[in-house]
Amino acid sequence: MDSCLVDITIEFLAVAFHSILYYTSTYPESIFETKKKYNIVVYRSMHPELNQYIDLCLKSIAECLKTGQLKRLEFAITDNTYKSILKFIFDFDHMDFYDETADAYLIKTEQNLRAFCLKLATLSNKFTNLPQDGSFTIYIHTNESTAVAMASKPDLEDFPLVEMDDKYEDSDKILPIRRFSVRNCCIDTYIEFAK
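Numbered according to this note's numbering, the sequence shown spans residues 921 to 1115.
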């Protein structure tokens, strides 16, 4: 994926992550400020440590995108024992062939990113009864060689990836958000609720 499209995707994920934290009330509303993005109002944390953590995660995600080895992102809202309550899934499907003239000015892409944010806001009533002392975890699904290459990058040394077990629980309660493309990468977004 070229660097411009990596930047667009990372910028979108930053907006999505902050919005998820706001709409799930993982942190108090008072730490969020309103910003304008994609011609709508979005929320962004003002908490320096939280923003630093999200930025470091996004830096790792950008490395995976640059190599085309990002398969899935899971933004999991957890309880106080770090058990996932709901997961916001971003599945990445890299296409070999695409029409470069389609959406050359990224107008359709911006409309899709705006639609994702608006849909997330309308779904906020589904995020009730979440624990007050919850947290979140970001899972990056990539291959082993990309993880090893990232571990040897000096600018990522302070933020190592931790390999997770292959244990994965399927959910039978899934709520689709939106499927859209950013040039040659399709992103399928949905929410998985814990059983």
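Beta carbons: idealized from backbone N, C-alpha and C, even for Gly.
Per the C-alpha coordinates, the member of Y1002, V935, D922 positioned closest to Y1059 is Y1002.
Residue pairing for I1097: DSSP places it in no beta bridge.
Annotation for F1010: the continuous beta strand (DSSP E) segment containing it runs 1004 to 1014.
With distances taken between CA atoms, R1099 lies nearest to Q1031 out of I997, K986, Q1031. Taking 4 residues as the shortest admissible run, the segment 962 to 1038 contains the following complete alpha helix (DSSP H) segments, listed from N- to C-terminal end: 968 to 987. Under DSSP, the beta-bridge partners assigned to E1112 are K1007, I1094. Taking C-alpha positions only, F1012 is separated from D1053 by approximately 31 Å.
Shown here for S939: same chain residues with a beta carbon closer than 7 Å to its own, the five before and five after excluded, namely V962, Y963, C1037, L1040 in chain order.
DSSP places S1055 inside the beta strand (DSSP E), whose first and last residues are 1055 to 1061.
Restricting attention to S1101, L1033, P1074, S950, the CA atom closest to the CA of E931 is found in L1033. In this structure, the CA atom of T946 is about 29 Å from the CA atom of M1070. Here K1007 is near E1112, since their CB atoms are less than 9 Å apart.
When rounded, the separation of the alpha-carbon atoms in K1046 and T987 is 35 Å.
The continuous beta strand (DSSP E) containing E953 extends over residues 952 to 957.
Excluding its 5 nearest sequence neighbours in each direction, D1023 has C-beta neighbours in its own chain below 7 Å: T1029, listed in chain order. The Cβ atoms of I1005 and L933 lie no closer than 9 Å to each other. Straight-line measurement puts the Cα of N1104 at about 6 Å from the Cα of Y1018. Membership of L925 in the alpha helix (DSSP H) is indicated by the continuous run 923 to 943.
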